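> Have a look at this one.
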Amino acid sequence: MLPTKQLENWDPFREMESLSKRMNRLFDITGWNDEAGKELIERGDWCPSCDISETEKEYRIHAELPNVKKEDVHVTVENGILTIKGERREEKEEKDTKFHRRELSYGGFMRRFSLPEDCDEGKVDASFKNGMLNVAIAKAKAKTGKIKEIAING
Numbered sequence: 012m013l014p015t016k017q018l019e020n021w022d023p024f025r026e027m028e029s030l031s032k033r034m035n036r037l038f039d040i041t042g043w044n045d046e047a048g049k050e051l052i053e054r055g056d057w058c059p060s061c062d063i064s065e066t067e068k069e070y071r072i073h074a075e076l077p078n079v080k081k082e083d084v085h086v087t088v089e090n091g092i093l094t095i096k097g098e099r100r101e102e103k104e105e106k107d108t109k110f111h112r113r114e115l116s117y118g119g120f121m122r123r124f125s126l127p128e129d130c131d132e133g134k135v136d137a138s139f140k141n142g143m144l145n146v147a148i149a150k151a152k153a154k155t156g157k158i159k160e161i162a163i164n165g
């Protein structure tokens with residue numbers, strides 16, 4: 012007699028969860044360290060949403076950082092990479108509070124953006140108001156379109 016297989020109801024959410032777990036294992040960076048033992052790729056506990064736009068004079072990045080204090084946010088530019096890094100701290104939990112669901116993310120975050128070649132890294136401004144970080148990166152002045160004849164040796 013052949014073994015019988017039990018029919019199982021298809022659950023799309025279970026399939027999505029399984030796919031998510033497989034993708035997380037595939038991209039897990041545990042063990043990707045350099046000689047000094049530092050992680051080559053930094054990863055935050057959560058990832059803020061960002062909008063990137065462009066005007067004639069500048070590029071703009073707007074990052075949504077609810078419940079983050081200005082002093083907990085750092086913006087740096089180095090070698091054509093703009094980094095937004097910080098932390099959203101969890102409020103003190105009351106002993107008498109019983110949570111039925113916890114969906115808010117807390118902890119460190121980091122976003123990195125490669126800047127276009129026409130950015131002026133020396134002219135970056137940032138402001139923070141009502142949980143929104145606004146970063147403006149000026150465009151470099153247009154290069155002159157002069158044609159320069161290059162001598163060919165040989």
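The opening position of the sequence shown corresponds to residue 12 in our numbering, with each subsequent residue numbered one higher.
We put the CB at the ideal spot given by N, CA and C, even for glycine.
None of the values given here were measured: they were computed from a predicted structure.
(1) So, helix, strand or coil for S64, using DSSP?
(2) Just curious, the beta strand (DSSP E) that K134 is in, first and last residue?
(3) Report the CB separation of F124 from R99 in whole angstroms; it is logged as a contact under 8 Å.
(4) So, with DSSP's three-state summary, where would you put N101?
(5) Does the Cβ of A47 have 16 or more other Cβ atoms within 10 Å, making it buried, or fewer, making it exposed?
(6) What residues in its chain sit with their C-beta under 6 Å from that of K96, if we drop five residues either side in the sequence?
(7) Kindly list the residues whose CB is nearer than 6 Å to the CB of F139, restricted to its own chain and excluding five residues on each side of it in sequence; keep chain order.
(8) Compare the beta carbon distance of L93 and L144 with 9 Å and say whether it is the shorter of the two.
(9) Considering only DSSP beta bridges, list what N145 is partnered with.
(10) Near E67, what residues of its chain come up, given a Cβ to Cβ distance below 6 Å and the 5 sequence neighbours on each side ignored?
(11) Could you please give the first and the last residue of the uninterrupted beta strand (DSSP E) stretch that includes E114?
(12) Exposed or buried, C130, counting other C-beta atoms within 10 Å across all chains shown (16 or more means buried)?
(13) Does L126 come out as helix, strand or coil in the three-state DSSP assignment?
(14) Less than 6 Å between C-beta atoms, sequence neighbours within five positions excluded: which residues of the same chain meet that for E89?
Taking the structure as given:
(1) The residue given as residue 64 occupies position 53 in the sequence shown. Of the three classes helix, strand and coil, the one that applies to S64 here is strand, per DSSP.
(2) On the sequence shown, residue 134 is found 123 positions in, with the first residue counted as 1. From DSSP, the beta strand (DSSP E) with K134 extends over 130-140.
(3) As a working note, residue 124 is residue 113 in the sequence shown. As a working note, residue 99 is residue 88 in the sequence shown. Not really, about 20 Å apart at Cβ, beyond 8 Å.
(4) On the sequence shown, position 90 is the one that residue 101 refers to. Here the sequence assigns Glu to residue 101, which means Asn is not the residue at that position. In the structure shown, E101 sits in coil (DSSP, three-state: anything other than H, G, I, E or B).
(5) Sequence index remark: in the sequence shown, residue 47 carries index 36 (1-based). Because the pLDDT of A47 is 43, which lies under 50, any placement of that residue in the model is unreliable, and the number read from its coordinates should be weighed accordingly. Exposed, by the Cβ-count rule.
(6) Taking the first residue of the sequence shown as position 1, residue 96 is located at position 85. Closer than 6 Å at the Cβ level, and outside the excluded window around K96, lie H85, M121.
(7) If you number the sequence shown from 1, residue 139 lands on position 128. Closer than 6 Å at the Cβ level, and outside the excluded window around F139, lie K81.
(8) The sequence position of residue 93 within the sequence shown is 82, counting from 1. The sequence position of residue 144 within the sequence shown is 133, counting from 1. Contact: no.
(9) Here residue 145 refers to the residue found at position 134 of the sequence shown. For N145, which the question treats as bridged, DSSP gives the partners H73, S138.
(10) Walking along the sequence shown from the start, residue 67 turns up at place 56. There are no such residues.
(11) The residue labelled residue 114 in the question sits at position 103 within the sequence shown. Element bounds for E114: n/a, residue is neither H nor E.
(12) For the purposes of this step, residue 130 is taken as the residue at position 119 of the sequence shown. Result: buried.
(13) Within the sequence shown, residue 126 is the residue found at index 115, counting from 1. Coil.
(14) Counted from its first residue, the sequence shown places residue 89 at position 78. Closer than 6 Å at the Cβ level, and outside the excluded window around E89, lies no residue.
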